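The block underneath contains the structure these notes are about, expressed in structure tokens.
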Amino acid sequence: MTKVCNVADRIIQNRLDTGKSAPFAVQLTNELKADYHQLNNLFLVKCDMSLEIIYIRRIIEKVKELLVYTEQSLSQIAKALGYQKPTELSEQLMTYTGLTSAHFKQIRKNKLEIIRRQQEKQNEL
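Numbered according to the numbering used here, the sequence shown spans residues 10 to 134.
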């Protein structure tokens with residue numbers, strides 16, 4: 010499980026860094042040197058979820074991180090990850106978190122406000 014998640018994270022980061030995307034199944038097969046269907050069946054039995062679901066969950070974690078810690082919009086992130094339509098990513102975010110991208114942007118705004126206040130306090134001293 011850890012190995013698959015690490016590979017998924019590298020694939021996601023590579024997409025963000027280069028803008029190049031190949032199907033997850035192909036990349037995973039190449040990197041792990043294992044048959045995708047056998048690996049998928051193993052994960053279905055052992056973890057009760059497909060490799061594709063694991064991959065989508067890893068994408069959602071990265072998206073949440075980017076929304077909170079960068080100024081990128083969901084549309085920009087979706088484009089960088091190779092989504093044809095930002096609404097696809099938005100729907101996945103809602104499905105897996107129950108929250109919208111606006112929620113994560115609000116977290117960012119709140120964090121920045123806290124930092125600003127702390128800096129003001131430091132400047133007063």
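All C-beta atoms in this analysis are idealised placements derived from N, C-alpha and C, irrespective of residue type, glycine included. Being a predicted model, the structure only gives us computed values, none of them experimental.
CA nearest to the CA of residue i, picked from the options
i       : options                             : result
Gln-115 : Ser-82, Gln-127, Tyr-64 and Asn-15  : Ser-82
Val-16  : Leu-41, Glu-97, Leu-134 and Asn-132 : Leu-41
Thr-79  : Glu-97, Ser-110 and Leu-98          : Ser-110
Gly-91  : Gly-28, Val-13 and Lys-12           : Gly-28
Cys-56  : Met-10, Thr-106 and Ala-87          : Met-10
Per-residue burial, residue i [other beta carbons within 10 Å of its own, 16 or more giving buried]
i       : result
Gln-136 : What the structure shows of the chain is the stretch from 10 to 134, and residue 136 is not part of that stretch, so it cannot be assessed.
Ser-59  : exposed
Tyr-64  : buried
Val-72  : buried
Ile-123 : exposed
Leu-76  : buried
Val-54  : exposed
Distance between beta carbons of residue j and residue i, contact taken as under 8 Å
i      : j      : result
Arg-24 : Ala-89 : 7 Å
Arg-67 : Ile-21 : 6 Å
Length of the line joining the Cα atoms of residue i and residue j
i       : j       : result
Ile-62  : Arg-117 : 27 Å
Lys-94  : Gln-127 : 39 Å
Glu-100 : Asn-132 : 43 Å
Lys-12  : Asn-39  : 13 Å
Asp-26  : Glu-97  : 21 Å
Ile-86  : His-112 : 16 Å
Item to check | alpha helix (DSSP H) runs wholly inside the stretch 48–116, at least 4 long, in chain order | outcome: Runs of the alpha helix (DSSP H) lying entirely within the stretch 48–116 and spanning at least 4 residues, in chain order: 60–78, 83–89 and 95–106.
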